[in-house]
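S.K.: In UniProt numbering, the protein residues as written are 1 to 201. Have a look at the structure that comes next, please.
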């Protein structure tokens, strides 16, 4: 309910300099001058709608913020080191539930990994219905490759809405991928095509 209300009240500012998640309001900027200006706009919206924030729960002008498993600072976004550490030490799965847990964690950070769905394909194949469990050399190699991809701690940029955006795409018979940036990468995206979609011209 609160999140819906906040999204409605701040709809003009969302993804411009405001992010709403549950009961958190994040205001991000590239300069202190912009930050102060945008904080004033946020406070005005709250004041105009008779809403208050608790001072002790607020932090202002922070150079680094931990948010939803990410570390955000100076126009950059990284994976949270505390979340990445378990992936580094993850042992090879021996059954489907263990593999699901591993892929669930790496999938959360897929936006940082170029062509994630293509890389993970040998592992996601093991999750198919009625598929017999067989941890092959290809699965082990993919498992190690994903661990490296995550723990290399890639860095993405935060969007700069004063600059033009670039979209790059790539496709094969099995995978569709792309990235967008301005000009540094903001996010990678990939999707593995189903066998039915491969049949379409």
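Quick reminder that beta carbons are idealized off the backbone N, C-alpha and C, glycines included. Given the structure is predicted, the values throughout are model-derived calculations rather than measurements.
#1: Three or more C-beta pairs under 8 Å: does that hold for the segment 76-86 against the segment 50-65?
#2: Output yes or no for whether 8 Å exceeds the beta carbon distance between residue 55 and residue 118.
#3: What is the rounded straight-line gap between the Cα of residue 99 and the Cα of residue 134?
#4: What separation, rounded to the nearest whole angstrom, lies between the Cα atoms of residue 88 and residue 146?
#5: To the nearest angstrom, how far is the alpha carbon of residue 163 from that of residue 182?
#6: Skipping 5 residues on each side, what residues in its chain have a beta carbon closer than 8 Å to that of residue 41?
#7: Go ahead and label residue 43 buried or exposed: buried means 16 or more other beta carbons lie within 10 angstroms of its beta carbon, across all protein chains shown.
#8: Can you give the Cα-Cα distance for residue 174 and residue 150, rounded to whole angstroms?
#9: Quickly, what does DSSP pair residue 66 with across the bridge? List them, please.
#10: Using only CA atoms, which one of 186, 86, 165, 157 lies nearest to residue 148?
#11: Assuming residue 7 is part of the alpha helix (DSSP H), what are its boundary residues?
#12: Let me know if residue 96 comes out buried or exposed under the rule of 16 or more other beta-carbons within 10 Å of its beta-carbon.
#13: Find out if the Cβ-Cβ distance for the pair residue 69, residue 57 is shorter than 8 Å.
M.R.: Working from what's here:
#1: By the criterion of at least three beta-carbon pairs nearer than 8 Å, the segment 76-86 is not in contact with the segment 50-65.
#2: No, Cβ-Cβ distance for residue 55 and residue 118 is not below 8 Å.
#3: Computed Cα separation, rounded: 12 Å.
#4: So the two alpha carbons sit approximately 10 Å from each other.
#5: Between residue 163 and residue 182, the C-alpha separation is close to 6 Å.
#6: Hits under 8 Å: 13.
#7: With fewer than 16 other Cβ atoms from the protein chains shown falling within 10 Å of its own Cβ, residue 43 counts as exposed.
#8: Approximately 23 Å, taken between the alpha carbons.
#9: Residue pairing by DSSP places residue 66 opposite 71 in a beta bridge.
#10: Measuring from the Cα of residue 148, the nearest candidate turns out to be 86.
#11: Start and end: 2-9.
#12: So residue 96 counts as exposed.
#13: No, Cβ-Cβ distance for residue 69 and residue 57 is not below 8 Å.
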